[in-house]
Amino acid sequence: MPTPPADLTAVILAAGTGTRLRPLTETTPKCLLDVGGKTILARQLERVAEAGIPRAVIVTGYLAAEVEAHITTVPQAVQVTTAHNPEFATSGNCMSVLAAREKITSRGIVLCDGDVVLTGDAMARLAADAAPAALLLDRETVLADEEMKAVLDAQGNVRRLAKPLPPAECAGESIGIQKVSGMALPIFWATLEAMREAGDTQGYYEDAFQRMIHAGVSFRTVPIGHHEWTEIDDQADLADARARFAAR
1 MPTPPADLTA VILAAGTGTR LRPLTETTPK CLLDVGGKTI LARQLERVAE AGIPRAVIVT
61 GYLAAEVEAH ITTVPQAVQV TTAHNPEFAT SGNCMSVLAA REKITSRGIV LCDGDVVLTG
121 DAMARLAADA APAALLLDRE TVLADEEMKA VLDAQGNVRR LAKPLPPAEC AGESIGIQKV
181 SGMALPIFWA TLEAMREAGD TQGYYEDAFQ RMIHAGVSFR TVPIGHHEWT EIDDQADLAD
241 ARARFAAR
């Protein structure tokens, strides 16, 4: 049975240091940078509310107090709590996901990288998709080394997910927003715990997804147009986002 949006929790990963955006991020976490009069985090919470997701857990790390303070100023269309990753400076984002686990009581999560700005209804379509596990895929972007690329099987499900994949074999870029619900969610938690127990704390949640795929879990893709989103990694990305989303 599909997990309805009302039984999902958004998990927004906002623990990173944003080193490629310094000096802007020396005193401001990346998720609190302004894009068109709103912070990246505020924009994400708007999309969460529009998708009908009633709860969000913000995972903090770097400059956590600033994130906590900002949350109190954002209109609360969803119930927001925080979880802290004390290992944010030395671990991969898999540990940030695990930091949120004890706050999750819903049957599913929508997991979001905290540096993605998006418009439109893509998150709502992802939340409403019948598949237990699915991710937003941009099939229009020009793929290079930096992108998280996806190879699909004959049924259109993800077969391989990683950055170091030949672009010619890939269907598009996974933008860093995905749903894990139903039977897939306990498998996800168990996979992340196994990574931690093996000492793989530098890993990423996509590594867990790939292990799940190898174990037989299907990840469907939900399309998103290239004009509907951007990821903010550096100063050029930020300038582009501010130009593209100023009036949205």
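The opening residue of the sequence shown carries number 1 in our numbering; numbering runs sequentially from there. Where a beta carbon is used, it is the ideal one built from N, C-alpha and C, also for glycine. Please read these numbers as outputs of a predicted model, since none were measured by experiment.
Considered as a whole, the segment 27-74 harbours 55-60 as its complete beta strand (DSSP E) runs of no fewer than 3 residues, in chain order. Counted as a single uninterrupted DSSP element, the alpha helix (DSSP H) harbouring Gln210 occupies residues Tyr205 to His214. A straight-line Cα-Cα distance of about 10 Å links Glu146 and Glu173. The three-state reading of DSSP puts Ile109 in strand, counting E and B together. Here Val35 has Val117, Ala241, Arg242 and Phe245 as same chain residues with Cβ atoms under 6 Å from its own Cβ, once five neighbours each way along the sequence are excluded.
Ser174 carries a strand assignment under DSSP once its states are collapsed to helix, strand and coil.
Within its own chain, the residues whose Cβ lies closer than 6 Å to the Cβ of Gly114, once the five positions on either side in sequence are excluded, are Ile12, Leu13, Ala14 and Cys31, listed in chain order.
In the three-state reduction of the DSSP assignment, Arg242 falls in the helix class, which pools H, G and I.
Cβ atoms of Ile175 and Glu231 come within 8 Å of each other, at about 7 Å. Shown here for Thr25: same chain residues with a beta carbon closer than 6 Å to its own, the five before and five after excluded, namely Gly18 in chain order. Proximity of the segment 147-165 to the segment 52-72 falls short of the contact definition, fewer than three beta-carbon pairs being nearer than 8 Å. Taking C-alpha positions only, Met183 is separated from Leu111 by approximately 16 Å.
Under the 10 Å beta carbon count, Val217 is surrounded by 16 or more other beta carbons and is classified as buried. A straight line joining the alpha-carbon of His70 with that of Gly37 spans about 14 Å.
For the set Asn85, Ser181 and Gln44, the Cα lying nearest the Cα of Val74 is the one of Gln44. Residue state for Ala184 is assigned as helix, using DSSP reduced to three classes. In the structure shown, Asp7 adopts helical secondary structure according to DSSP, grouped into three states. Here Pro132 carries a coil assignment [DSSP, helix/strand/coil]. Taking C-beta atoms as the reference points, His226 and Asp129 fail to come closer than 9 Å.
The beta carbon of Phe219 lies closer than 7 Å to those of Ala133, Ala134, Leu135, Asn157, Val158, Phe209 and Ile213 in the same chain, with the five residues before and after it left out.
Secondary structure at Gln79: strand, using DSSP grouped into helix, strand and coil.
Leu33 and Ala83 have their C-alpha atoms roughly 20 Å apart.
In the DSSP assignment, Leu98 falls outside any beta strand (DSSP E) and lies within the alpha helix (DSSP H) extending over Asn93 to Ala100.
For the pair Glu66 and Ala122, the Cα-to-Cα distance works out to about 29 Å. Taking the Cα of Tyr204 as reference, the smallest distance to any Cα among Met148, Ile40 and Thr9 is reached at Met148. According to DSSP, residue pairing for Val116 in a beta bridge involves Glu231.
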